[in-house]
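See below for the structure under consideration.
Residue numbers (the numbering used here): 842 to 1273.
Next comes the structure, spelled out in structure tokens:
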């Protein structure tokens, strides 16, 4: 495959991402898998890579174990279903529910691995949409949290999407052990309205302060790295892998906005991407069957932007208030024939959002904990494969007292955020 062909494919992937809409990701705001193969295994693959994208995302050392060079492209179409319900008991009992109008989100992924002939070195590059969230709630006079200010926030809109580029190198130290490293280069885009991370203003003097708008998306660059080790014992059928992806440090997001009477306001938000530690194991000792398990730790709590959820003295929101979480991913692949494979996966993660912080996560209700996935592959030739997948994130919710910038916790009130997701995936792999 020529360098020019690879460059053309990279351009298509990057354009696809730039045209993509925000997604509601599932393990917090981190996608629990990448591409049609890895997603159909519920994201398991740190210790037993099946495809280029899964290896590049979860363990750079795993690219030595693919058996050949490989290029891969996948597209995920993700449909979030989110709803907010709120109630108050004063001055009179009132409650209402509103569904988000957020639509289908396309999430592209690209992976390229080249195993150098007569060498222990392998290299690769991944370009993935790995994170996102988004809601689109209309102002709703029957839903207290979405009532017009000062009683509620009014209409709420958010969109966040993140692309990660991972140029990767791996070295096979002996017949069992490999080591890999990848610098990570990230691009993210964020829009949110109202922008509660900045203080409200009452520039028009009507005694009703309102939050400014950051509805025009701003983009930011971030940087980090990932390292990994991989162990394979061909005789026993056991594989093992471990990796650590550092926190991705982003430049601040900045928006040119206005106050209530049109005067210029500069809005700023510091939002990074959490560090992720993964370990995984795989077993292929059964005929035609491969079993894979991963455990992951996502460190939201120590990441800028996810700190304590509270209103500051200037009435701006301090952070999302997310907890760090553990993730368990299980997957199996069974080869039905020389040209047909089926897969199934299940993943569980702790909920990063405490019930008490429900109000603060209206723009990012990342509450799903259980995920099921299925997939299949069909060999189009000896070296090319068509991959299909489906994933469902089961509905979950958080519910707590309504928070108000001047009143604090509102007695006799509640805010409930609910989310479920469905995805269809299509991919092409070519070995060379």
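Every residue gets a Cβ at the ideal spot worked out from N, C-alpha and C, and that includes glycine. All of these numbers come straight from a predicted model, not from anything done at the bench.
Quiz item: Which of helix, strand or coil does DSSP assign to residue 1221?
Solution: coil
Practice problem: Check whether the segment 869 to 885 touches the segment 1037 to 1050, taking contact to mean three or more Cβ pairs, one atom from each stretch, closer than 8 angstroms. | Solution: no
Exercise. Assign residue 1177 to buried or exposed, taking buried as 16 or more other Cβ atoms, counted over all protein chains shown, within 10 Å of its Cβ.
Key: exposed
Quiz prompt | Pair within 8 angstroms by beta-carbon distance, residue 917 and residue 867 | solution = no
Quiz item: residue 1220: beta carbon under 7 angstroms from a heavy atom of the ligand MG?
Solution: The model on display carries no ligand, and the ligand MG is accordingly not part of it.
Quiz prompt | Entirely enclosed beta strand (DSSP E) segments - the segment 1031 to 1097, minimum 3 residues | solution = 1055 to 1074 and 1079 to 1086
Quiz item: Given a threshold of 16 other Cβ atoms within 10 Å of its Cβ, counted over all protein chains shown, does residue 1102 qualify as buried or as exposed?
Solution: exposed
Self-check item: With 16 other Cβ atoms within 10 Å as the buried cut-off, status of residue 1083
Solution: Residue 1083 is buried by the Cβ-count criterion.
Exercise. For residue 1197, name the three-state secondary structure that DSSP assigns.
Key: Here residue 1197 sits in helix by DSSP.
Quiz item: Expressed to the nearest angstrom, what Euclidean distance is found between the alpha-carbon atoms of residue 1184 and residue 1204?
Solution: 34 angstroms
Quiz item: Does DSSP put residue 786 in a helix, a strand or coil?
Solution: In the structure as shown, the chain begins at 842 and stops at 1273. Residue 786 is therefore absent and cannot be evaluated.
Practice problem: Counting only runs of 3+ residues fully inside the segment 1110 to 1153, write out the beta strand (DSSP E) ranges in chain order. | Solution: 1117 to 1127 and 1130 to 1139
Self-check item: Under 8 angstroms between C-beta atoms of residue 933 and residue 949
Solution: no
Self-check item: Exposure label - residue 1099; buried when at least 16 CB within 10 Å
Solution: exposed
Self-check item: Nonlocal neighbours in the same chain, by C-beta distance under 8 angstroms from residue 1266, ignoring five residues either side
Solution: 876, 877, 880, 881, 915, 916, 917, 918, 1216, 1228, 1229, 1230, 1231 and 1232
Practice problem: Would you give the residue range spanned by the alpha helix (DSSP H) that residue 1163 belongs to? | Solution: Counting along the chain, residue 1163 falls outside any alpha helix (DSSP H), and DSSP gives it neither H nor E.
Quiz item: Cα separation between residue 1189 and residue 1234?
Solution: 10 angstroms
Self-check item: Contact set for residue 1070: own chain, Cβ-Cβ below 6 angstroms, skip 5 residues either direction
Solution: 902, 1020 and 1083
Practice problem: Could you spell out where the beta strand (DSSP E) holding residue 976 opens and where it closes? | Solution: 962 to 978
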